[in-house]
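*Asks:* Residue numbers (numbering that gives the first Met the number 0), protein chains in the order written: chain H, 0 to 275; chain Z, 0 to 365; chain U, 0 to 289. Where is the CB? At the ideal position from N, CA and C, for every residue including glycine.
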Amino acid sequence: MALPLILIIVLLVLYPALYSLHLATLNKGMERFVGFDNFTFLFSRETFWMVVKQSVVFAVTAVVFKALIGFCVAHFVHNVPVKGQRKWRGMLLVPWVIPPAMSTLAWLWLFDPSYSAFNWLLVKGGFEPIGWLGEVGWARFAVILVNVWVGAPFFMIMYLAALKSVPEQLYEAAAIDGANWWQKLWYITIPMMRNIIAITVLFSLIVTFANFDIVRVLTAGGPLDNTHVFATWAFKVGIEGSDLPLGASVSLFMFPILAIFAIFILRDITKRGAEN
Amino acid sequence: MAKVILRKVVKNYDDTPAVRGIDLEIADEEFVVLVGPSGCGKSTTLRMIAGLEDITAGDILIGEEVVNDVPPKDRDIAMVFQNYALYPHMTVYENMSFGLRLKKAPKAEIARRVENAARILDISELLERKPKQLSGGQRQRVAMGRAIVRDPKVFLFDEPLSNLDAKLRVQMRTEIKKVHQKVRTTTVYVTHDQVEAMTLADRVVVMNGGLIEQVGTPNDLYHFPATRFVAGFIGSPAMNFIPCKLEAAAGGLRVKLSEAIAFPVPANRVERYKAHLGAGKLLFGIRPEHLIEQRPHAEPDQHPFEVPLEVTEPMGMETLVHFLVEGTEVCGRVNPNAGALAGKPMKLVADLANMHLIDEASGRVL
Amino acid sequence: MAKSRSMKDDRRRAMIWSYFFLCIFVVFFLTPPFYMLLTSFKSNAEIASATSPWWVHAPTLDNYIELLTTETYLTFFRNSAMVSVLVVAITMAISIPAAFALSRMKFWGSGTLATGVFLTYLIPETLLFIPLFQIFVWVTEFTGIELINRWYVLVILYPTLTVPFATWIMIGYFASIPKELDEAALIDGAGYLQILTRIFIPVALPGIIAATIFAFTVSWAQFLYPLAFTTSADQLVLPVGIITTLIRGDVFTWGQIMTGALLGAAPPLIIYAFLMDYYIAGLTAGATKG
Numbered sequence: 000m001a002l003p004l005i006l007i008i009v010l011l012v013l014y015p016a017l018y019s020l021h022l023a024t025l026n027k028g029m030e031r032f033v034g035f036d037n038f039t040f041l042f043s044r045e046t047f048w049m050v051v052k053q054s055v056v057f058a059v060t061a062v063v064f065k066a067l068i069g070f071c072v073a074h075f076v077h078n079v080p081v082k083g084q085r086k087w088r089g090m091l092l093v094p095w096v097i098p099p100a101m102s103t104l105a106w107l108w109l110f111d112p113s114y115s116a117f118n119w120l121l122v123k124g125g126f127e128p129i130g131w132l133g134e135v136g137w138a139r140f141a142v143i144l145v146n147v148w149v150g151a152p153f154f155m156i157m158y159l160a161a162l163k164s165v166p167e168q169l170y171e172a173a174a175i176d177g178a179n180w181w182q183k184l185w186y187i188t189i190p191m192m193r194n195i196i197a198i199t200v201l202f203s204l205i206v207t208f209a210n211f212d213i214v215r216v217l218t219a220g221g222p223l224d225n226t227h228v229f230a231t232w233a234f235k236v237g238i239e240g241s242d243l244p245l246g247a248s249v250s251l252f253m254f255p256i257l258a259i260f261a262i263f264i265l266r267d268i269t270k271r272g273a274e275n
Numbered sequence: 000m001a002k003v004i005l006r007k008v009v010k011n012y013d014d015t016p017a018v019r020g021i022d023l024e025i026a027d028e029e030f031v032v033l034v035g036p037s038g039c040g041k042s043t044t045l046r047m048i049a050g051l052e053d054i055t056a057g058d059i060l061i062g063e064e065v066v067n068d069v070p071p072k073d074r075d076i077a078m079v080f081q082n083y084a085l086y087p088h089m090t091v092y093e094n095m096s097f098g099l100r101l102k103k104a105p106k107a108e109i110a111r112r113v114e115n116a117a118r119i120l121d122i123s124e125l126l127e128r129k130p131k132q133l134s135g136g137q138r139q140r141v142a143m144g145r146a147i148v149r150d151p152k153v154f155l156f157d158e159p160l161s162n163l164d165a166k167l168r169v170q171m172r173t174e175i176k177k178v179h180q181k182v183r184t185t186t187v188y189v190t191h192d193q194v195e196a197m198t199l200a201d202r203v204v205v206m207n208g209g210l211i212e213q214v215g216t217p218n219d220l221y222h223f224p225a226t227r228f229v230a231g232f233i234g235s236p237a238m239n240f241i242p243c244k245l246e247a248a249a250g251g252l253r254v255k256l257s258e259a260i261a262f263p264v265p266a267n268r269v270e271r272y273k274a275h276l277g278a279g280k281l282l283f284g285i286r287p288e289h290l291i292e293q294r295p296h297a298e299p300d301q302h303p304f305e306v307p308l309e310v311t312e313p314m315g316m317e318t319l320v321h322f323l324v325e326g327t328e329v330c331g332r333v334n335p336n337a338g339a340l341a342g343k344p345m346k347l348v349a350d351l352a353n354m355h356l357i358d359e360a361s362g363r364v365l
Numbered sequence: 000m001a002k003s004r005s006m007k008d009d010r011r012r013a014m015i016w017s018y019f020f021l022c023i024f025v026v027f028f029l030t031p032p033f034y035m036l037l038t039s040f041k042s043n044a045e046i047a048s049a050t051s052p053w054w055v056h057a058p059t060l061d062n063y064i065e066l067l068t069t070e071t072y073l074t075f076f077r078n079s080a081m082v083s084v085l086v087v088a089i090t091m092a093i094s095i096p097a098a099f100a101l102s103r104m105k106f107w108g109s110g111t112l113a114t115g116v117f118l119t120y121l122i123p124e125t126l127l128f129i130p131l132f133q134i135f136v137w138v139t140e141f142t143g144i145e146l147i148n149r150w151y152v153l154v155i156l157y158p159t160l161t162v163p164f165a166t167w168i169m170i171g172y173f174a175s176i177p178k179e180l181d182e183a184a185l186i187d188g189a190g191y192l193q194i195l196t197r198i199f200i201p202v203a204l205p206g207i208i209a210a211t212i213f214a215f216t217v218s219w220a221q222f223l224y225p226l227a228f229t230t231s232a233d234q235l236v237l238p239v240g241i242i243t244t245l246i247r248g249d250v251f252t253w254g255q256i257m258t259g260a261l262l263g264a265a266p267p268l269i270i271y272a273f274l275m276d277y278y279i280a281g282l283t284a285g286a287t288k289g
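(1) Residues of the region 259-278 of chain Z with a CB closer than 7 Å to any CB of chain U: list them in chain order, please.
(2) How is H/MET90 classed by DSSP in three states: helix, strand or coil?
(3) By DSSP, does Z/ASP75 sit in helix, in strand, or in coil?
(4) Run through the region 0-40 of chain H for me and flag every whole alpha helix (DSSP H) of 4 or more residues, listed as ranges in chain order.
(5) Measuring only the C-alpha atoms, how far is H/VAL135 from H/TYR114?
(6) Are the C-beta atoms of U/ASP181 and some chain H residue less than 9 Å apart?
(7) For Z/MET47, decide whether its Cβ has a neighbour in chain U, counting only Cβ atoms nearer than 9 Å.
(8) Under a three-way DSSP split, which group does Z/LEU308 fall into?
(9) In chain Z, which residues lie with their C-beta within 7 Å of the C-beta of U/PRO130?
(10) Closer than 9 Å by beta-carbon distance: list the chain U residues that pair up with H/ILE205, in chain order.
(11) U/LEU185 CB to nearest chain Z CB: under 9 Å?
(12) Just the chain H side, please: which residues come within less than 7 Å of U/VAL290 by C-beta, in chain order?
(13) So which residues on chain Z does U/GLY188 lean against when the C-beta distance must stay under 7 Å?
(14) If you follow the beta strand (DSSP E) that Z/THR191 is part of, which residue opens it and which one closes it?
(15) With DSSP as the reference, please indicate the residues paired to Z/ASN239 in a beta bridge.
(16) Beta-carbon within less than 8 Å of Z/GLU317's beta-carbon, same chain only, minus the 5 sequence neighbours each way: which residues are those?
(17) Distance cutoff 9 Å, beta carbons only. Does Z/PRO105 sit that close to anything in chain U?
(18) Let me confirm a value: H/ASP280 is counted as buried when at least 16 other C-beta atoms fall within 10 Å, else exposed. Which label applies?
(19) Measuring CB atoms only, is the region 211-219 of chain Z touching the region 186-201 of chain Z, in the sense that at least three cross pairs come out at less than 8 Å?
(20) What's the gap between the Cα of H/VAL96 and the Cα of Z/ASP75?
(21) Quick one: give me the first and last residue of the alpha helix (DSSP H) that U/GLY259 is part of.
(22) Distance check for Z/ARG149 and U/ALA280, CA to CA, integer angstroms please.
(23) By the criterion of Cβ-Cβ separation under 7 Å, what are the contact partners of U/GLY263 in chain H?
(24) Is the Cβ of Z/GLY50 closer than 9 Å to any Cβ of chain U?
(25) If you draw a straight line from the alpha carbon of Z/ILE59 to that of Z/ARG128, how long is it in whole angstroms?
(26) If the criterion is Cβ atoms closer than 9 Å, does the pair U/LEU29 and H/MET101 meet it?
(27) For U/ALA193, which residues in chain Z fall below 7 Å Cβ to Cβ?
(28) Flag this pair as touching only if the region 33-45 of chain H and the region 114-126 of chain H have three or more C-beta atom pairs under 8 Å; answer yes or no.
(29) Going along chain H in order, which residues have a C-beta closer than 7 Å to the C-beta of U/TYR18?
(30) Would you kindly check if the distance between the Cβ of U/PHE273 and the Cβ of H/VAL72 is under 9 Å?
(31) Within 9 Å of any Cβ in chain H, is that where the Cβ of U/MET32 sits?
(32) Closer than 7 Å between beta carbons: that is the criterion. Which residues of the region 66-91 of chain Z meet it against chain U?
(33) Count the C-beta pairs between the region 263-283 of chain Z and the region 339-346 of chain Z that are closer than 8 Å, then say yes if the count reaches three, no if not.
(34) For a contact defined as C-beta to C-beta under 9 Å, what are the partners of U/ILE46 on chain H?
(35) What residues from chain Z crowd round U/PRO205, counting only those whose CB sits closer than 7 Å?
(36) Rounding to the nearest angstrom, what Cα-Cα distance links Z/GLU108 and Z/LEU120 in this structure?
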């Protein structure tokens, strides 16, 4: 009964993943084996190193803020009376529900240089307008901002579920022991949520690191390739530049980092297995 | 209606033995209870009869047929589970009729059988409800109803009352007994609760460590336990076991518990115990209800002794008294008006007609 | 303790501050969709004018009318709907039996397979799309079946995203069904197939709904695969269609783009609005079970 599942995993996930290793060793026309030439070529390109740096900075910054905002908002929702929580939760999860390619279009329009709704507010407030997507620093800020906007609600939902699973008696016991809110947070909430925090952060790191939609729609890597991450650059080189082997080489660089995540997760799984 | 026979049945999980070779013959219409502590193999035995577990060795017969390789659905059995295992998405009616519907029984027949079972169990009003809308006792009835509807050769019960509160448990116990008296289907019932076993069973099978310790009627087990395990397991509070010495005395034998306490062996047991004079370590076994306050008129074989009480536990209809004999804690049951006080000495009598002598090494009751 | 506050006061203060911050975050989270809605009611002239972008001065439904009568946009919508519905059907047909097998039958390699399902998360589509593209080019060459630039290629591709997670969700739901329920059904005379269809599927229905919603939203939102594998206007699905055809060169017809994006976001939003609890259950099931 699990055969179709196995077929999908083997034929459409494992095989292509391994095949991309082979693909990365071919030349652009895919008729000649070139060994590590694609990789040495990449190492010699400044853009490549910029993409590496941008991917890491993008993923780490975005995940940290998603986790922080998600954690705070989950607490805010948890603090209001239970019968109102559904309504707040419902509104706060909307960014996660809209297909990211669609919502990023809205951000693109909000950031628009000439009719920008944000700049209109800035000018009204007496500030200089900002070239949101035209200046390197602001463009990098923008892609992270949109990513945080899309992802934070997911963290919020996860942490809210985790908060609700902490028994109320623990807080009551802590209050009787004289703990203030900070001590309750530090000694009860965070230890009780440690597992879920670790898992969400790890998984979010993976998907953020491999993100494509937001950067592609918002900046398409620009200005001057400054906001490219691995996925968008691989797309540009591989599909748009018709150099599949080079594109494959680029996307393969995601693999070592993902493999490290995999080790963490596997260790966690085996540890849980041992506990059971 | 059928007998169930187990012949040298063995069950190993990987290499750990769960059932180590048991023989048991259950008569048609008999109500047999398998009882023992957790891990004794009673549930495994039941599940092997049901066909939910493979048999490592031996034979199981239902009716005249060896069913070792017959799948559960073809064994013509019905089972009531500890957590009832009612299908949560089906109404009571659908739950009870599921087996018959799978067999494609005619609709009218199904309706007749379900209504009949519902009447027996007094759940006719609940047929349209879902399990979630039922109380624990009602779920229990539905689970039984599901078994009755199938009109099987054998009923199997796997600790069916342990999820109920104490009061309901007593009520449902009576209910199960009534149902059995009405439908008279051969029943195998597993429990860890010896009171349940005693009250329900025609015969009780006491299991321990994957083996049968003793099979017998409730009264047999109570009065004539074969082993120390059975003696200690049946009855509450449990039988006292006090290390003792068997000595020859004027005209017979006596058991000496301490320097101060020694009882003469009743005359009718002297022959039985004689062979064990000077044998290995012996235990004197006596139930708390046979250690009572001294009364004005002593019965034959009642022998008085005096001990300082450690603790008294008033239970209302009786008071439990605890005292030490050579470091062994002993429990007795006295009349609440007998004036038992902790820390004070009290005069008690031992009813030696109900004493047991146990060989400590083999655990056999002599 | 000179100035100790009661717990009730503490709670009140926490609540008031929570409301305050929740309002701020709701503004942050809802501004883009709100702005989409706002823009969709504006004419091109108003968008180009210097009036406040945060208000609609002359609301109009022109954008909606124009899009809903444009054949290409309707084609995108149709393609998206076909792909998503087929992918949902395939996903459930594969993952329900697989989850049943993995949660109930202990067979050789079942543990490894369960872990394998989980680890497919680690190979994102952004790593797979280039080798898959080349593999599909081959398949076309060898078999003559056109796959590149055909909408149905997405029906083959999307299950790689939906099946592992849907299976994972279902394993969780199936595992929570007590073992005695199968045994009772077994004694009642049900076979494995009947246990699956008459006990497991009805009992785990909330999980199946959650997994269905998940598969649908993932298929509807997927962007990279259609962008890489389809190019002709009649083969595109919504997200890619809107971005590649409504944005013509440097001319952004924002009114139409926002309307198209909003309509494109509508199906998942509607599902979310009506089945929020299932949606959230599916979301949290993956992580808490993992």
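*Replies:* For this structure:
(1) none
(2) helix
(3) coil
(4) 2-8, 14-22
(5) 20 Å
(6) no
(7) no
(8) strand
(9) Ordered by position in chain Z, no residue passes the 7 Å Cβ test against U/PRO130, which lies about 43 Å from the chain.
(10) TYR120, LEU121, PRO123
(11) yes
(12) The shown model of chain U, from 0 to 289, leaves out residue 290 of chain U, and the question about it has no answer.
(13) LYS72, GLY98, LEU101, LYS102
(14) Position check: residue 191 of chain Z holds His in this sequence, whereas Thr was assumed. That residue, Z/HIS191, is in no beta strand (DSSP E); it is neither H nor E in DSSP.
(15) Z/ILE285
(16) ARG332, VAL333, ASN334, PRO335
(17) no
(18) Residue 280 of chain H lies beyond the residue range present for chain H, which begins at 0 and ends at 275; the question has no answer from this structure.
(19) yes
(20) 52 Å
(21) 253-273
(22) 38 Å
(23) PRO98, MET101
(24) yes
(25) 38 Å
(26) no
(27) The question names Ala, but residue 193 of chain U is Gln in the sequence shown. Those within 7 Å of U/GLN193 in chain Z are LEU101.
(28) no
(29) VAL79
(30) no
(31) For clarity, residue 32 of chain U is Pro in the given sequence; the question names Met instead. Closer than 9 Å: yes.
(32) PRO71, LYS72, ILE76, ALA77, MET78, PHE80, ASN82, ALA84, TYR86, PRO87, HIS88
(33) no
(34) TYR114
(35) Near U/PRO205 there are no residues of chain Z at all, since even the closest Cβ is about 11 Å away, more than 7 Å.
(36) 18 Å
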